[in-house]
Amino acid sequence: MHNLVKANAWVVLRLPSDNLKVLQVIPNTPISLGKYGTFPSNLIIDRPYNLKYELVDRQKDQKYSDLRIVPASEIHADTIAEENAAANPVSDDNVIIGGDGVEFELVGENGEVIMRSNRETIDDSARQTLTQEEIETLKRDGAAAGKDLIAKLMLSHTALDEKTAFSLAKYKLLKTRKYLRQFTILPMDVAMMDYWMMKEKDASKIMEVRDEMLALAGSWANVHFSEDPENEHTDALNTSGGGRLLVVDETGGLLVAAMAERMGLLYPEEDQDLPTEFTGASEEAQADKEPTPRHQSDRQYRPYTNTNTLTLIHTNSQPNLSLLKYFNFNIDSPVASHPLTKRLLPISWLQLISPESDSLYSSPPPSATPEELSKWSSGKRGTHFRKKRRWERIRHIVSTTQHGDFTGLVVASNMDPISIIRRTIHLLRPSATIAIYSPTIEPLVALADLYSTSRRTAFIQAPPEELKGLSQAEIATWQGNEDFPLNPSLILNASVQSCRKREWQVLPGRTHPLMTSKGGAEGYLFTGTRVVPAGGKVEARGKFSKRPKAVDGGVGASKRVTDDTQEIANKKIKLETESLDVQTNGKPDVDMGI
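So in the UniProt record's numbering, spot 332 of the sequence shown is number 332, and the numbers just go up one at a time.
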């Protein structure tokens, strides 16, 4: 991810009201922040993230406002003042307690009340002497980016001396959020995208999946960067490389973005243009160098990537990845420099289950000879090669997906998870991890019950008749029956779990979770591990326990071991005799002491 704000990048602006504004930084265009003002976009390009800016008052000949970087000393001025006051405390002898019966009042040395309790104080609009017309006039005049306006509001408040420290800080914070023209530029990452969708947009579009659930799914699915340079680009069908993840996403691309971020595929690589002194050649030498001719067949050939890929299964003709546009990726017209262009492989359920029924897969473009191509126009030739490349890419994706050998499966879908597992379990390699998210717990509990220990034991002891004589590959593709909808021996450690982070208010005697936290679906995650059942009879092997060894050795030790063995045998015979008496005599109570 870039450390600087790049041109045409999507960023998040945190306004003084704590609202988020998502926009694209297009060069040479103004950025409007509503009532706070407008500034040119070029002022923030190539500047670091997480800086706080302030809109400076416009001059008469200026069309837009300028920006000023707010220093850290100004941002944390109140905290620094509190620390300085704590470092230099005032002795108790210099404090004068007032005598008018008001609790917690603070009085100066001259007897003037500085601050007191507001238990009996009602702060209404009548306490403010500035009228709304005067406030609007100050806002139009600029008033030093809102600072003078806030200062005049506090000075004109008639009951400011009646406020406690807490109420005074709260009053100042409210006026600061309302009138101060400052904002912070934040990067657009997966966590910020999820927070923005949950707070500002419609959370149901992302299935109400929270950031911690995305992190938990990626952790259980063992999603990480695993590129194999040796098997990166090969003509043969090779799926033995690592990092081949199978994804079912119905969150608008948020799940794909979260997994791509863990695999190092979400953000384009930073520019690494070296100057001429590092390349060892001058600009004239590079200009005089003739370009290497490329054959037409080489221009049409594009090797496919076999490792560190995301295979996305979708329901429609095109996947819904609308949220990936905020990471500068468009599935309809991808940019060649973006990592997802070569490593995101979309495939529909129809192409996976019955590829011959799909028109894009079963209808290759008509072939043409070089003589016919030379007679066509450039636009017709471009359309022909584009259709041919699309058909070859679809054939490649379908063949590699049906071959299987995926390292993990991550699902966030409204479909029945049982039907998803039934069609994808045979595509996973042994020890592959599975993570399925659902807003409700009922579908995941039903899935976990199909892989319970009791059901697996019943399946092993009395396997279905239709599985006899089948190979492991055929058993993995078994569609189940009424007693066993799924093969319970293919997944181990099936469990359902959940996690949720909560913000707490931490105050003396008032520590509790914030009451303003967002509700909605709790969200649950099914996890498991793909295994291959052992063939044949399983036999226990290991080292058997040996007889106790003699410590002191000699004849005495051997005799002691022999006596212990004889005593154990006598006890066993006595116990068998007493149990025989119970069966013959019918005595209800037997003394079992030995």
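The beta-carbon is built from N, C-alpha and C at its ideal position, and this holds for glycine as well.
Computed from a prediction, not measured in an experiment: that's the story for all the values here.
Would you mind stating whether Y361 and L444 have Cβ atoms separated by less than 7 angstroms?
-> no
W10, enclosing beta strand (DSSP E) - first and last residue = W10 to R14
Assign W504 to one of three DSSP states: helix, strand, or coil.
-> strand
Exposed or buried, which one is V335 when buried takes at least 16 other CB atoms within 10 Å?
-> exposed
Distance, Cα to Cα, Y49 vs V12?
-> 10 angstroms
Any idea what DSSP makes of K6, helix, strand or coil?
-> coil
Does the ligand ATP have a heavy atom nearer than 6 angstroms to the CB of T516?
-> No copy of the ligand ATP appears in this structure; indeed no ligand is present at all.
Cα-Cα separation, T400 to L490 = 22 angstroms
Given a cut-off of 7 angstroms, decide if A7 and D31 are closer than it, judged by their beta-carbon atoms.
-> Note that residue 31 is Ile in the sequence shown here, rather than Asp. No, these two residues do not count as a Cβ contact at 7 angstroms.
Which word fits residue 636, buried or exposed, when buried means at least 16 other C-beta atoms lie within 10 angstroms of its C-beta?
-> There is no way to answer for residue 636, as the model of the chain reaches only from 1 to 594.
Among E392, Y195, I418 and F183, the one whose alpha carbon lies nearest that of I69 | F183
What first and last residue would you give for the beta strand (DSSP E) that runs through Q351?
-> Segment W349 to I353 is the alpha helix (DSSP H) holding Q351; no beta strand (DSSP E) there.
G243: buried (16+ other C-beta within 10 angstroms of its C-beta) or exposed?
-> buried
Proximity winner among M197, W220, S219 and A462, relative to R210 (alpha-carbon distances) = M197
Residue from L312, L470 and F484 whose Cα sits closest to the Cα of L409 | L312
F385 - DSSP class collapsed to helix/strand/coil | helix
With 7 angstroms as the threshold, decide whether the Cβ of G253 is near any Cβ in chain C.
-> The structure shown contains no chain C; it holds only a single protein chain.
DSSP state of S41, grouped into three classes?
-> helix
Test item: CB-CB of W349 and T315 under 7 angstroms = yes
Is it true that the CB of I434 sits closer than 7 angstroms to the CB of G528?
-> yes
First through last residue of the alpha helix (DSSP H) which encompasses F459 = T453 to Q461
Please go through the region 464-540 and give each complete alpha helix (DSSP H) segment of 4 or more residues, from N-terminal end onward.
-> 472-476
Would you call V223 buried or exposed, if buried means 16 or more other Cβ atoms sit within 10 Å of its Cβ?
-> buried
According to DSSP, residues forming a beta bridge with L321 | DSSP, once it has assigned bridges, lists no residue as partnering L321.
Give the straight-line distance between the Cα atoms of I475 and I460, rounded to the nearest whole angstrom.
-> 13 angstroms
Inter-residue Cα distance where the pair is D189 and A151 = 37 angstroms
List the residues that DSSP assigns as beta-bridge partners of H403.
-> DSSP output for H403 lists no bridge partner at all.
Extent of the continuous beta strand (DSSP E) to which L428 belongs = L428 to S438
Of the listed residues A458, D483, A448 and R343, nearest to N493 (C-alpha basis) = A448
How big is the Cα-Cα spacing for R510 and W504?
-> 10 angstroms
Are R456 and P488 closer than 7 angstroms when you measure CB to CB?
-> yes
Who are the Cβ neighbours of I573 in its own chain at under 8 angstroms, not counting the five residues just before and after it?
-> Here I573 scores only 45 on pLDDT, less than 50, and its place in the model is too uncertain to base an answer on.
Buried or exposed: where does M1 fall if 16 or more other Cβ atoms within 10 Å of its Cβ makes it buried?
-> exposed
Is L321 near G253, with beta carbons less than 7 angstroms apart?
-> yes
My guess is that L450 and I420 are in contact by the Cβ rule of under 8 angstroms, so how many angstroms apart are they, rounded?
-> Contact flag wrong, Cβ pair sits at about 13 angstroms.
According to the neighbour-count rule (16 or more other Cβ atoms, all chains shown, within 10 Å of its Cβ), is H338 buried or exposed?
-> buried
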